[in-house]
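*Asks:* At position 96 of the sequence shown the residue is numbered 96 (UniProt numbering), and the sequence of numbers has no breaks.
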Amino acid sequence: MSIADIRKDYQQASLSEADVQADPFAQFGIWFQQALKADVAEANAMSLATVNAEGRPSSRIVLIKEFDERGFCWFTNYDSAKGGDLDVNPHAALLFFWTALERQVRIEGKVEKITAEENDRYFYSRPLGSQQSANASHQSQPVAGREVLEQQLQAVIAQFGDQPPRPEHWGGYRLIPERLEFWQGRASRLHDRIVYTRNADHSWSISRLQP
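#1: Can you name, in chain order, every residue of its own chain whose Cβ lies under 7 Å from the Cβ of residue 63, other than the five neighbours on each side?
#2: Where does the unbroken alpha helix (DSSP H) through residue 146 begin, and where does it stop?
#3: Thinking C-alpha only, which one of 51, 28, 104 is nearest residue 72?
#4: Pick helix, strand or coil for residue 135, following the three-state DSSP scheme.
#5: Spell out the partners DSSP gives residue 173 in its beta bridges.
#6: May I ask you to report which of helix, strand or coil DSSP gives residue 121?
#7: Tell me, please, whether the segment 82-91 touches the segment 107-117 by the rule of three or more beta-carbon pairs shorter than 8 Å.
#8: Determine the contact status of residue 169 and residue 52, defining contact as a CB-CB distance below 7 Å.
#9: Check whether the Cβ atoms of residue 198 and residue 178 sit closer than 7 Å, and answer yes or no.
#10: Alpha carbon to alpha carbon, what distance is there between residue 1 and residue 139?
#11: Can you give me the Cβ contacts of residue 25 inside the same chain, cut-off strictly under 6 Å, excluding the 5 residues immediately before and after it?
#12: Can you tell me which of the three DSSP states residue 5 falls into?
#13: Any idea which residues DSSP pairs residue 81 with across the strands?
#14: Note down, in chain order, each residue of its chain lying with its Cβ closer than 8 Å to the Cβ of residue 186, except the 5 sequence neighbours on either side.
#15: Output needed for residue 180: all residues of its chain with C-beta closer than 6 Å, excluding positions within five of it in sequence on either side, in chain order.
#16: Name the residue from 162, 3, 151, 97 whose alpha carbon lies nearest to the alpha carbon of residue 130.
#17: What's the C-alpha gap between residue 30 and residue 152?
#18: Cα-Cα, which of 4, 109, 22, 16 is closest to residue 203?
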């Protein structure tokens, strides 16, 4: 089969302006819970796209760890490639793709670091191995081989045992959305696209886009 011949006709559901909540965070919460109920694989996985100082885009999968009316949060090494991108261009885009539900959610906005208190609360809720790895890994930096990573991890374990500290370079980001798009696959590629746009007074406008 040719790659060009691979296609799926989406027919599970529809989405109209009358269906959605007035608040995009409430709408996201409904869809997220439906994804969890449907046992979508890694429903909390999202693509994070950033742009560096040279204007070159980069994307990777990260895990959402919290969302509320303030925005959408994930955690990482601030010295990583994505951290470097966000230092010079604090705008990003998130994408959730729940293929089992024939849905995607696109979120765009400005990114800020969360507080040290929030970082500590989440860091110390993580499994011990994840805490140790956060101390051992210089994320996005070259390494001579896997054995070097293992040596770095053993050094952290020897130094801190089962009480590793949260590294100062490790913490969370919050994307404050300016635009959210809820996409529902439909038959014959005539998809439903409902967009929320933040207004100057922080209210939201809702509109439909052509597929």
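Beta carbons: idealized from backbone N, C-alpha and C, even for Gly.
*Replies:* In short, the structure shows the following:
#1: These residues qualify, in order along the chain: 44, 45, 74.
#2: 146-160
#3: 28
#4: helix
#5: Paired residues: 74, 113.
#6: Looking at residue 121 - three-state DSSP - the assignment turns out to be helix.
#7: By the criterion of at least three beta-carbon pairs nearer than 8 Å, the segment 82-91 is in contact with the segment 107-117.
#8: no
#9: yes
#10: 39 Å
#11: Answer for residue 25: 69, listed in chain order.
#12: helix
#13: Listed as beta-bridge partners of residue 81 by DSSP are no residues whatsoever.
#14: 10, 11, 14, 192, 211
#15: 24, 107, 196
#16: 162
#17: 42 Å
#18: 22
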